[in-house]
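The numbering of the sequence shown is this note's numbering, which starts it at 122 and goes up by one. Idealized CB from N, CA, C, for every residue including glycine. Here the structure is a predicted model, which is why all the values come from computation and not from measurement.
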Amino acid sequence: MLSALGDMAGRSGHITRRLFYVTLHLMNPDTIKSLIQQRLPDALVEVVGEDGTHFEALVVSPAFVGLSLIKQHQMVYDALGDRMREEIHALSLRTLTPEQAQQLRHPAVH
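The structure is reproduced here in structure tokens:
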């Protein structure tokens, strides 16, 4: 009986590991970019990440105007949905309005 339970647990664990492995390899910067742009179609989005679980994203959108940084980030996290809990281990996120992005590109000279 114990042997049968051990075999079942072993097979179950193998299946879980295999599904997890497949999931990790499906997530990539282009997928994340696409998901964000589906929710924020007017956004400029750049995403990098080499290992399939840790990513950095820059999102510039007029939808962020007048919103706190927390609300801006929530919009992006909402676009990624459950993937933030299951497939993306870490996301370093920077959000900007178009005006903020322009100021970074062309800082005012004082």
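Boundaries of the alpha helix (DSSP H) in which residue i is found, first to last residue
i, result
"His194", "Leu190 to Leu201"
"Glu207", "Arg204 to Glu207"
Cutoff 7 Å; reference residue i; Cβ partners in own chain excluding five residues on either side
i, result
"Ser182", "Leu161, Asp163 and Ala164"
Reduced DSSP secondary structure (H/G/I, E/B, other) of residue i
i, result
"Ala222", "helix"
"Ala164", "coil"
"Ala184", "helix"
Heavy atom of the ligand FAD within 7 Å of residue i beta-carbon
i, result
"Gly173", "By its list of ligands, the structure shown contains no ligand whatsoever, and the ligand FAD lies outside what it can speak to."
Same chain, Cβ closer than 6 Å to residue i, five either side skipped, listed in chain order
i, result
"Ser213", "Glu177"
"Ala211", "His175"
Bounding residues of the beta strand (DSSP E) (the contiguous stretch that carries residue i)
i, result
"Thr216", "Ala211 to Leu217"
DSSP bridge partner residues for residue i (one or two, in chain order)
i, result
"His175", "Ala211"
Residues of its chain near residue i, where Cβ-Cβ distance is below 8 Å and the 5 sequence neighbours each way are ignored
i, result
"Glu220", "Val186"
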